[in-house]
Structure formats: structure tokens, C-alpha cells
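In what follows, a single structure is set out as C-alpha cells and then discussed.
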Amino acid sequence: MKLRANSYVYIIIILLMLFVVLWSLLRMESFESKLLPLLFGSIVFILAVIGLGNEILAGGKPKTTATESQESKREETGERWGGYLANGSWLAGFILGIYLLGFIIAIPLFVLSYMKWLGTRWITAIIWSIVAPAIIYGVFEVALDVDLYLGLLLTWLGS
Amino acid sequence: MVLDAVVQALHNFATVELWLMIFAGMVIGLMFGIIPGISGMVACALILPFVFTMTPQQALPLMMTIMATQFMGGSISAILVNMPGTPQSAATLIEGFPMTQKGEAGRALGAAEVSSGLGNIITALVALAIVPLILPMVMAIRSADMVFIILLGITFIGALSTGSMIKGLISGGLGLLIALIGFQHTTGISRFTFGSLYLYDGIPLIPLALGLFAVPEMIAVATRGGTIAKTQVEIKGMQDVWRGARDVLHHKWLVLRCDIIGFIAGIVPGVGASAATFIAYGHAKQSSKHPERFGTGTVEGVIAAESANNASEAGALLTTLALGIPGSGIMAIMLGAILMLGIAPGPEMLTLHLGLSLTLIWVIAVSGVIAATICLFLAPHLSRIAFIPGRVLVPLVLVIALVGAFTFHELFNDIIVTFVFGGVGLIMRRYGYNRPALFLGYILGRLLEKYFFIALKTAGPLFFMRPISLSSIFLMIAVIAYGPVKNTIQRRRGAIKT
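Sequence lines, in order, name chains Y and X. Counting from 1 along the first sequence, just add 10 to a position and that's the residue number in the working numbering. Counting from 1 along the second sequence, just add 10 to a position and that's the residue number in the working numbering.
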């Protein structure tokens with residue numbers, strides 16, 4: 011029997027809820043602290059089991075559920091997992107850039123490179139990579155008095 | 011008390027800052043409404059990092075204006091570029107774009123904007139009239155009732171929104187569990203923190219909201235690629251626009267009926283504007299003298315959909331203010347903002363902060379009138395916003411989202427949380443889970459626990475033996491049982507026929 015993607019999500023939720031319930035039972039001492047996690051964890055667990063059961067029972071039938079049609083619609087509009095992963099990786103790279111270089115250096119690098127990767131013209135990408143950090147600095151650092159994260163490199167150089 | 015609140019609301023309108031907030035909210039609401047793929051929900055999530063620097067009198071009118079005006083922007087893209095700017099403008103597109111193809115774009119826009127503006131005004135007046143009537147009921151609510159009202163709200167949002175009921179309820183349950191992360195107020199014991207000091211105060215609201223709502227939409231827009239809107243048809247002249255405005259007056263009773271549909275749909279948590287527009291559209295078709303013309307570009311269809319989607323906001327606001335249960339997904343974000351500003355959502359909004367609540371209702375009417383007027387004159391120019399390419403928009407919004415996530419606590423961990431919940435949001439979006447239900451569970455989870463233990467300690471284990479609590483429990487069971495019971499009856503009927 012081949013499980014559909016939907017079923018895997020249910021399985022993940024079931025495992026997660028098992029963990030929540032067991033952790034609450036075994037690691038939480040007070041009745042007050044464990045009551046609601048146990049209650050909600052069990053309810054979500056039961057719901058996920060019912061959902062998985064429905065999915066397995068519908069396994070042999072043609073794809074007609076709302077989620078299936080929703081998913082195929084997303085595929086039709088060009089939303090594929092590969093695309094999610096690629097764009098998600100850009101975001102992860104940006105976060106790593108912030109961690110290492112801080113906002114003020116990472117923002118122009120991210121805006122320039124990501125815009126170019128998405129197919130923007132050089133001139134537009136360059137303009138936005140200058141304008142975006144300037145606006146962010148003006149609004150957050152100057153107007154809202156937020157100390158933007160400096161990153162490991164600038165912190166190390168400063169110390 | 012009500013009179014004092016009315017005076018306070020009027021006083022709020024005498025300040026320049028309120029008008030500035032209305033103007034800013036209108037610009038943001040229209041812009042995010044016009045651009046297909048991102049809606050007022052994303053706008054409100056992006057606004058959250060700025061909210062904590064404002065007073066409630068500034069922040070809440072700003073968010074309310076965004077909510078009240080986004081649909082007007084959405085109708086412009088639906089009519090002129092054949093792409094609904096917001097999901098709630100999808101019904102407008104059914105008749106709006108065929109009208110454009112027939113050369114009646116101006117008429118469709120005129121009808122859409124005037125019926126939107128009227129929807130805002132009429133339902134705001136209805137909401138104002140209802141407030142004094144529901145005040146005694148709201149003041150009778152106790153902690154025990156709040157436990158079940160919160161659970162009822164999550165059940166409604168989870169079960170009645172589009173898609174699978176099980177997934178909706180799971181989403182709400184997951185939200186409640188996320189809310190329980192951190193130390194518990196009554197015992198001081200930490201839960202699911204795994205030794206992390208960062209998690210001791212729980213998952214922070216702003217990174218979670220940005221991750222859940224802004225990041226997945228941007229990743230989706232980037233994945234689809236290209237320009238979001240493709241083609242645009244020009245409007246011939248203002249005469250056509252006025253013709254559409256006159257159409258609304260000609261169909262005044264339809265406007266009124268659809269306003270009522272929208273208002274009631276807004277009041278019921280989970281139903282919201284999307285369902286309201288299609289119910290109203292169906293009603294317009296059913297009550298029309300020429301139902302066969304629907305689908306080919308009929309002005310009644312546009313009027314019905316636009317009246318209903320704008321009318322739903324006042325209804326949704328009323329439920330949010332009176333019970334602390336948001337009537338729509340975007341109201342859930344507003345509820346988050348209310349919490350951030352130190353106001354307990356629920357009855358307190360209609361008692362201690364009645365002046366502010368009345369101001370918000372008035373903001374719906376005022377911003378509706380101004381935005382409708384702006385859209386009537388500038389719609390062709392505003393529709394160009396829909397052509398901002400995703401490849402420019404996405405990197406900029408992602409930058410704002412991550413910087414915004416960082417600003418509240420100035421902690422790098424908040425950025426990680428945004429990223430993690432961005433992934434969670436993307437999976438939920440992909441597989442039809444209900445993000446507003448999760449967010450609502452998260453917002454109300456802590457309050458629910460607080461009310462639960464207060465009720466347990468003051469009234470004992472039978473704390474639910476109160477009329478409001480029992481009614482809420484009955485409604486909850488009815489909402490959950492309705493779908494399966496209906497399916498069983500239909501299956502049996504089908505079996506008998508065959």
C-alpha cells in the first residue's frame with residue numbers, strides 16, 4: 011500500500027502527540043502543569059488517527075478530497091516542493107548571513123543575489139540592495155531605536 | 011457608561027494621530043489588497059513589530075483600517091487584471107472580469123467600490139446599535155464561561171473554515187499546545203522548554219505570526235515566479251464609473267440583504283468574508299429576474315460580493331470585541347495585537363475599553379467611505395500596483411519580516427522561530443491545514459488555562475453548570491457533529507435510492 015503525502019503529515023502529528031503525552035505523563039510532576047498538555051495532546055492524537063484512517067480508507071479511490079485538489083491546483087500554478095526548497099534555502103542562507111555578518115551587511119547581499127537569482131535586472135537589483143538597507147536602518151535603528159543585530163564578524167572585530 | 015464611551019470615541023476622532031493612522035492603514039490595506047497573492051493578513055502580520063511601539067489608540071485603528079480597506083483593493087485586481095487581490099474577492103471576479111471584457115470595467119469598479127463603502131457604513135451602524143444590547147450579556151460572562159467560549163471559538167474557526175474539519179481542529183489543538191510552551195503561571199513549572207531559557211517565556215507572538223502568515227506566502231509567490239498579474243484593460247472614462255455607482259442605488263435592497271448576510275457571516279467565527287461573498291453571490295443569482303445572465307458579467311453579482319465581504323468585517327470585529335473570539339483569520343492577528351498592547355481580549359474590550367471599541371467601529375465606516383472615494387477616482391492607476399513583480403517584492407518583504415521578527419526582543423532566536431514557523435506554515439498551506447485556527451489556539455491557550463484554573467478553584471469540578479457554558483458546549487458538539495451526521499444521512503439516502 012502506497013501512502014499519500016497527506017498521510018505522512020498525519021503520521022508526523024501522531025508521533026509528535028505521542029511525545030507530548032508521554033513527556034507530560036513522565037516528566038511533569040504537578041497535576042496542574044500536565045493536565046492541559048495531556049488533554050489537548052490526546053485530542054489532537056485522536057483526531058490525527060481518525061484523519062489517517064480516513065486517508066488510508068480513501069487510498070484506493072481517485073483523488074477527490076479537498077486537499078488533494080488543492081494540492082494539484084498548487085502544482086498547476088507552479089508551486090512545487092523543489093521551488094519551496096530552493097526559496098527556503100535562500101531564506102536559510104539569509105539567516106546564516108545575518109548570524110555571521112549582521113543585518114546591515116547581510117541585507118544588501120541577500121537582496122542583490124536573491125533578486126538576481128529570481129530574474130530581476132542588474133540595475134533594479136543594485137538599486138534595491140542600496141535602498142533596502144538604508145530604509146531598514148532609518149526605520150528600525152534611527153526611528154524605532156532598535157539595535158540591529160551586528161553578527162559574529164562585526165562583534166568580533168569590535169571586541 | 012455608553013455615553014462616556016461615545017464621547018471618548020468622538021474625542022479620539024478629534025486627534026490628528028487617528029487620522030494619520032487611518033490614512034496609513036488605507037495606503038497599506040489598498041496596496042496589499044491589490045497585489046494578488048498577499049492580502050491584509052500578511053500586511054497585519056508585518057505591522058505587528060511596529061505595534062508594540064504604539065498606543066492602543068494608534069495601533070488598533072491602523073490595523074482596523076487595513077482590514078476594512080483590503081477588499082476594495084482586492085476588487086480592483088479582480089475586475090481589471092482578472093486576479094483576485096484577496097481570496098475574499100474571488101466572487102467579485104466571476105462577474106467583474108466578464109464585465110471588463112464587455113467594456114464595462116468602469117461600471118464594475120463603480121459598483122464594487124460604492125457597494126463596499128456602503129457595506130462598511132451600514133454594518134458599522136448596525137454594530138454600534140448592537141453594542142448596548144449585548145453589553146449586559148457580556149458583563150454576565152464569568153471565567154468558567156470564558157473557558158468554553160474560547161474552545162467554541164477555536165472549534166468554529168477550525169471546523170467551519172474551508173477544507174477538512176479534522177485538519178481545522180488539529181490546527182486549533184496544535185495552537186493550544188504551542189501556547190502551553192514555557193512556564194506555567196499557577197505553578198511556575200516549565201513545560202516543553204528542554205532547558206532553553208529562551209523558551210521559558212513561551213514562543214513569542216511576532217515571530218510566530220510572521221512565520222505563519224508572511225513567510226509561506228512569499229515563498230509561494232517566489233516559487234510561482236514571474237509577474238503576479240498578467241494583463242490589464244483600460245477604463246474608458248468616469249461616466250462608466252458613475253453608472254456603476256448608480257447601479258448600486260438601483261439595487262439598494264440587494265445591497266442591504268447582502269450586507270446582512272456578510273454581517274452575520276462575520277459574526278460567526280470561522281465563516282468569514284470568503285463564505286459570505288459566495289452566499290451573497292448565490293442569493294443575488296437566486297433573487298435576480300435574470301439568473302441566466304450570471305457568469306456573463308452582471309453588475310448584481312459584483313454588488314452582492316462586494317457588499318458582503320466588506321460587511322463581514324464589522325460582524326467579525328463585534329465577536330472579537332465582545333467575546334475575544336475573532337470572526338476571521340485577520341481578526342486573530344488583531345487579537346494578538348490587542349494582547350501585545352496589554353489589553354485582555356474579551357469582555358474587557360466592551361467594558362473597560364468601550365470608547366476604543368466604538369472608535370474601531372467608527373473607523374470601519376470612515377475608512378470605508380474615504381477608501382471607496384479614492385478607489386473610484388484612482389482605481390486604474392492603483393491597479394498598476396498589481397504588476398509589481400514577485401521577484402522584487404519577495405526579497406523585500408522577507409527582509410522586513412526577519413528584521414520585524416528581531417525587533418521585539420532583539421534576540422537572534424526570534425529569527426530562527428520565524429524560519430521554523432515559516433516551514434510549518436508552508437506545510438499547513440500546502441496540505442490544507444488551518445493557519446488562523448493554529449494562531450487563535452496559540453493566542454488564547456494561555457488565557458484558557460488561566461480561566462480554567464480560576465473556574466476550577468472558585469466553582470469546583472462542576473464549574474461548567476452555567477447557562478452560557480452549557481450553551482457553548484452544546485454549540486461545540488453541534489458544530490463538530492453536523493458534518494458527519496449530514497454525510498451519514500446523505501449516504502443512507504443514496505443507498506435507499508440505489
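The beta carbon of each residue, even a glycine, is placed where N, CA and C say it ideally should be. The structure presented is a predicted model; accordingly, all values stated were derived computationally and were not measured.
Legend entry - Same chain, Cβ closer than 8 Å to leucine 161 of chain X, neighbours up to 5 away in sequence not counted: Only Leu458, Ser482 and Met486 meet the Cβ criterion.
Inset, instruction - Pick out whichever of Y:Ala58, Y:Leu119 and Y:Ile21 has its Cα sitting closest to the Cα of isoleucine 180 of chain X. - result: The shortest C-alpha separation from isoleucine 180 of chain X is found at Y:Ala58.
Inset, instruction - Please go through the same chain and pick out, in chain order, the residues whose beta-carbon is closer than 6 Å to the beta-carbon of alanine 326 of chain X, but skip the five residues on each side of it. - result: Hits under 6 Å: Gly276, Gly337, Ser338 and Met341.
Inset, instruction - Let me know the secondary structure DSSP gives glycine 305 of chain X once reduced to three states. - result: Note: glycine 305 of chain X maps to coil in three-state DSSP.
Inset, instruction - Can you tell me which of X:Asp14, X:Phe422 and X:Leu190 puts its alpha carbon nearest to the alpha carbon of glycine 51 of chain Y? - result: Considering only alpha carbons, the answer is X:Leu190.
Inset, instruction - Let me know if tryptophan 132 of chain Y comes out buried or exposed under the rule of 16 or more other beta-carbons within 10 Å of its beta-carbon. - result: Flag for tryptophan 132 of chain Y reads exposed.
Inset, instruction - At 7 Å on the CB atoms, spell out the chain X contacts of glycine 93 of chain Y, in chain order. - result: By Cβ distance, chain X contributes Thr233.
Inset, instruction - Go ahead and label alanine 465 of chain X buried or exposed: buried means 16 or more other beta carbons lie within 10 angstroms of its beta carbon, across all protein chains shown. - result: Sixteen is the threshold: when 16 or more other Cβ atoms of the shown chains lie within 10 Å of the Cβ of alanine 465 of chain X, as they do, the residue is buried.
Inset, instruction - Whole angstroms is fine: what's the gap from isoleucine 371 of chain X's alpha carbon to leucine 351 of chain X's? - result: Each residue's alpha carbon lies about 19 Å from the other.
Inset, instruction - Please classify threonine 515 of chain X: is it buried, with 16 or more other beta-carbons within 10 angstroms of its beta-carbon, or exposed? - result: No answer is possible for residue 515 of chain X: it lies beyond the span of chain X, which begins at 11 and ends at 508.
Inset, instruction - Pull up the distance between the alpha-carbon of isoleucine 66 of chain Y and that of glycine 185 of chain X, whole angstroms please. - result: If you draw a straight line from the Cα of isoleucine 66 of chain Y to the Cα of glycine 185 of chain X, it is about 26 Å long.
Inset, instruction - Return helix, strand or coil for phenylalanine 193 of chain X, following the three-state DSSP convention. - result: Phenylalanine 193 of chain X falls in the strand class under three-state DSSP.
Inset, instruction - Measure the beta-carbon distance from methionine 109 of chain X to alanine 118 of chain X and round it to whole angstroms, keeping in mind my assumption that it falls under 8 Å. - result: That pair is a contact at about 4 Å.
Legend entry - Buried/exposed call for lysine 73 of chain Y, threshold 16 Cβ in 10 Å: Residue placement at lysine 73 of chain Y cannot be trusted, given a pLDDT of 49 that sits under 50; the coordinates are not used to answer.
Inset, instruction - Indicate whether glycine 112 of chain Y and tyrosine 159 of chain Y have their beta-carbon atoms separated by less than 8 Å. - result: Less than 8 Å divides the Cβ of glycine 112 of chain Y from the Cβ of tyrosine 159 of chain Y.
Inset, instruction - Compare the C-beta of threonine 165 of chain Y against all C-beta atoms of chain X and say whether one is closer than 8 Å. - result: At a cut-off of 8 Å between beta-carbon atoms, threonine 165 of chain Y makes no contact with chain X.
Legend entry - Element boundaries [alpha helix (DSSP H), containing leucine 145 of chain X]: For leucine 145 of chain X, the enclosing alpha helix (DSSP H) covers residues 115 to 149.
Legend entry - Cβ of valine 157 of chain X within 8 Å of any chain Y Cβ: Interface criterion not met: the Cβ of valine 157 of chain X is under 8 Å from no Cβ in chain Y.
Inset, instruction - Examine chain X for any beta-carbon lying closer than 8 Å to the beta-carbon of lysine 73 of chain Y, and answer yes or no. - result: Summary for lysine 73 of chain Y: the model assigns pLDDT 49, below 50, so the residue's position carries little reliability; its value from the coordinates is reported in the next sentence. Cβ-Cβ to chain X under 8 Å: no for lysine 73 of chain Y.
Legend entry - Min CB distance isoleucine 23 of chain Y to chain X below 8 Å: At least one CB atom of chain X sits nearer than 8 Å to the CB of isoleucine 23 of chain Y.
Legend entry - Classification of valine 495 of chain X by the beta-carbon crowding that lies within 10 angstroms, buried from 16 upward: Counting the other CB atoms within 10 Å of its CB gives valine 495 of chain X a total below 16, which places it among the exposed residues.
Inset, instruction - Reducing DSSP to helix, strand and coil, say where arginine 201 of chain X ends up. - result: It is a strand residue.
Inset, instruction - Could you list which residues in chain Y have their beta carbon closer than 7 Å to that of alanine 230 of chain X, in chain order? - result: Those within 7 Å of alanine 230 of chain X in chain Y are Glu89.
Inset, instruction - Please list the residues of the stretch 390 to 413 of chain X that have a C-beta atom closer than 8 Å to any C-beta atom in chain Y, keeping them in chain order. - result: Sequence-ordered contacts of the stretch 390 to 413 of chain X with chain Y read Pro399, Gly400, Arg401, Val402, Val404, Pro405, Leu406, Leu408, Val409, Ile410, Leu412 and Val413 [C-beta pairs closer than 8 Å].
Legend entry - Cutoff 8 Å: glycine 433 of chain X Cβ touching any chain Y Cβ: So, interface residue.
Inset, instruction - In the DSSP assignment, find the alpha helix (DSSP H) that holds glutamine 249 of chain X and state where it starts and stops. - result: Counting along the chain, glutamine 249 of chain X sits inside the alpha helix (DSSP H) bounded by residues 248 to 260.
Legend entry - Where tyrosine 159 of chain Y falls: helix, strand or coil (DSSP): Looking at tyrosine 159 of chain Y - three-state DSSP - the assignment turns out to be coil, as it is neither helix nor strand.
Inset, instruction - Determine the direct distance from the alpha carbon of glycine 84 of chain X to that of isoleucine 4 of chain X, and round the result to whole angstroms. - result: Lying before the first or after the last residue shown, residue 4 of chain X is absent from chain X, which here runs from 11 to 508.
Legend entry - Beta carbon of alanine 122 of chain X nearer than 8 Å to that of isoleucine 167 of chain X: No, the Cβ-Cβ distance between alanine 122 of chain X and isoleucine 167 of chain X is not below 8 Å.
Inset, instruction - Kindly indicate if chain Y contains any beta-carbon less than 8 Å away from that of glutamate 576 of chain X. - result: Summary: the structure shown does not reach residue 576 of chain X, with chain X confined to residues 11 through 508, and so no result is reported for it.
Inset, instruction - With a floor of 3 residues, list each beta strand (DSSP E) that falls wholly inside the stretch 412 to 494 of chain X, ordered by position along the chain. - result: Listed in chain order, there is nothing to give.
Legend entry - Min CB distance serine 17 of chain Y to chain X below 8 Å: So no, serine 17 of chain Y is outside the interface.
Inset, instruction - Using a Cβ-Cβ cut-off of 8 Å, state whether glycine 61 of chain Y counts as contacting chain X. - result: Residue contact check for glycine 61 of chain Y against chain X: a CB pair falls below 8 Å.
Legend entry - Check whether leucine 167 of chain Y and alanine 232 of chain X have beta carbons under 8 Å apart: In this structure, alanine 232 of chain X does not lie closer than 8 Å to leucine 167 of chain Y by Cβ.
Inset, instruction - Give a yes or no on whether 8 Å exceeds the smallest Cβ distance from alanine 102 of chain Y to chain X. - result: So yes, alanine 102 of chain Y belongs to the interface.
Inset, instruction - Please confirm if isoleucine 146 of chain Y has its CB atom under 8 Å from at least one CB of chain X. - result: So yes, isoleucine 146 of chain Y belongs to the interface.
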